[in-house]
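A.B. asks: So for the sequence shown, UniProt numbering puts the first residue at 1; every next one is plus one.
We put the beta carbon where it would ideally sit given N, CA and C, even for glycine.
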Amino acid sequence: MSMLDKFRAGARKAQLQATAFMQEGGSRMQQESAALVRGFSLPGEAEKAAKILESFLANPDHPESALNAIPKAVLQHARGLAIFQVLKAGFVFSGKAGSGIVLARLPDGSWSAPSCIGTAGVGWGLQIGADITDFVIVLNSEEAVRAFSMGGNVTIGGNISASAGPIGTGGAVQASLASPAPMFSYSKSKGLFAGLSLEGTVLIERKDANRDFYGSDIPAKDILGGRVPPPEVAGKMYEVIEAAEGLDDSGLPASAYVPDATGAHQPVTQGGYTVGGQGQNTTVFDADQH
């Protein structure tokens, strides 16, 4: 065997070993992430979601906080909300796990009981340490609510679109609601708004958590359709929404923006700022992964 052949054989062996290492490490990280998600319960998720949502909305006692919050008009227009937290950590291999809830606005204007959702995944990179990111997805259309209710695959930029939602007050916010994307995405990392991409994120209905809390296998479409009474454990979240919708922001200056991935302010446009950039697809719900 020539020296070149030996080199090629050695390179192939090293490649196979590296691939096996990546697959083993990635599989282990994904299993651990999924196990972490399974440990959460609906009462705990509802309490956590209320705190997350409250941090994204204006404080009624301090109306000026509306200048750096999800607009009151966006909340009033919402057909549903998905609220979740993602922990991403790793060294060489990066794993992420998260959980939260989704709820829908009912025809009478009230809010449905919450349905549990979760996410888990694995990646490859030089991520060192851990990072926690909070997300709020505002569902602007019945189409978006059905995506979380009926199952199936929903891909942002594919069969359903989303844009980074506006923040602040004024006419620019109203313009963004004239013909909004089916979903507005909001994210916070280290307490600051950031237009982080949801590319590759899969949100899965937590049937186990719903069953444990509601006592039977109730599908998400029944929970979000109002066939389940709103539970007391979600009371704080309903109070947070009601308070934010009643905020008086009439005396505030018109000031609205959309954050980019670095947190820098970008102008609000009627078409919205597309999450992940034009042409990139982001799966946010995949019932096939149950």
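Can you give, in chain order, each stretch of the beta strand (DSSP E) that sits fully within the region 48-124 and has at least 3 residues?
C.D. replies: List check, beta strand (DSSP E) in window: 80-104.
A.B. asks: Does DSSP put Val-233 in a helix, in a strand, or in coil?
C.D. replies: In the structure shown, Val-233 sits in a helix (DSSP, three-state: H, G or I).
A.B. asks: Look up Lys-190 in the DSSP assignment and say whether it is helix, strand or coil.
C.D. replies: Lys-190 falls in the coil class under three-state DSSP.
A.B. asks: Nearest to Ala-147 by alpha carbon, out of Pro-182, Glu-64, Ser-255 and Ala-69?
C.D. replies: Out of Pro-182, Glu-64, Ser-255 and Ala-69, Pro-182 has the C-alpha closest to the C-alpha of Ala-147.
A.B. asks: Does Ala-130 come out as helix, strand or coil in the three-state DSSP assignment?
C.D. replies: Three-state DSSP puts Ala-130 in a strand.
A.B. asks: Using 8 Å as the Cβ pair cut-off and three pairs as the minimum, do the region 74-93 and the region 206-215 touch?
C.D. replies: Because the criterion of three Cβ pairs below 8 Å is not met, the region 74-93 and the region 206-215 do not touch.
A.B. asks: Comparing alpha-carbon positions, which option in Arg-227, Phe-56, Ala-256 and Ile-241 lies nearest Val-173?
C.D. replies: When each option's Cα is compared against that of Val-173, the closest is Ala-256.
A.B. asks: Would the beta-carbon of Gln-85 fall within 8 Å of that of Gly-100?
C.D. replies: It is a contact, given that the beta carbons lie within the stated cut-off.
A.B. asks: For a test of the three-state rule: what should DSSP assign to Gly-10, helix, strand or coil?
C.D. replies: Its pLDDT being 48, under 50, Gly-10 is placed unreliably by the model, and nothing is read from it.
A.B. asks: Tell me the DSSP bridge mates of Gln-266?
C.D. replies: DSSP, once it has assigned bridges, lists Val-258 as partnering Gln-266.
A.B. asks: What residue does the beta strand (DSSP E) around Ser-163 start on, and which one ends it?
C.D. replies: That run of the beta strand (DSSP E) goes 162-164.
A.B. asks: Looking only at C-alpha atoms, which of Val-102, Phe-135 and Arg-227 sits nearest to Leu-42?
C.D. replies: When each option's Cα is compared against that of Leu-42, the closest is Val-102.
A.B. asks: Assuming the contact rule is C-beta atoms closer than 8 Å, Pro-166 and Val-268 should be a hit. Round their C-beta distance to whole Å, please.
C.D. replies: That belief holds up - the Cβ atoms of Pro-166 and Val-268 are roughly 5 Å apart, short of 8 Å.
A.B. asks: Can you list, in chain order, the residues of its chain whose CB lies under 6 Å from that of Gly-44, leaving out five sequence neighbours each side?
C.D. replies: So no residue of the chain qualifies.
A.B. asks: Please confirm whether Leu-196 and Ala-130 have their CB atoms less than 8 Å apart.
C.D. replies: No, these two residues do not count as a Cβ contact at 8 Å.
A.B. asks: Under a CB-based cut-off of 8 Å, is Leu-247 close to chain D?
C.D. replies: Here chain D cannot be found, since the structure has a single protein chain.
A.B. asks: Quick one: Cα of Ser-176 to Cα of Val-74, how far?
C.D. replies: Whole-angstrom Cα-Cα distance: 9 Å.
A.B. asks: With contact counted as at least three CB pairs below 8 Å, one residue from each stretch, are the region 216-236 and the region 58-65 in contact?
C.D. replies: Too few Cβ pairs lie closer than 8 Å, so no.
A.B. asks: Quick one: what's got a C-beta closer than 6 Å to Val-37's C-beta in the same chain, skipping five residues either side?
C.D. replies: Any reading at Val-37 must be qualified, since the residue scores a pLDDT of 49, below 50, and its modelled position is unreliable; the value itself is stated next. The answer, listed in chain order, is Ala-97, Ser-99, Gly-118 and Ala-120.
A.B. asks: Taking C-alpha atoms, which residue in Phe-135, Leu-192 and Pro-219 lies nearest to Ala-264?
C.D. replies: It is Leu-192 whose Cα lies nearest to the Cα of Ala-264.
A.B. asks: Assuming Leu-224 and Val-145 are in contact, meaning their beta carbons sit under 8 Å apart, how far apart are those beta carbons, in whole angstroms?
C.D. replies: Indeed they touch by this definition, with Cβ atoms about 7 Å apart.
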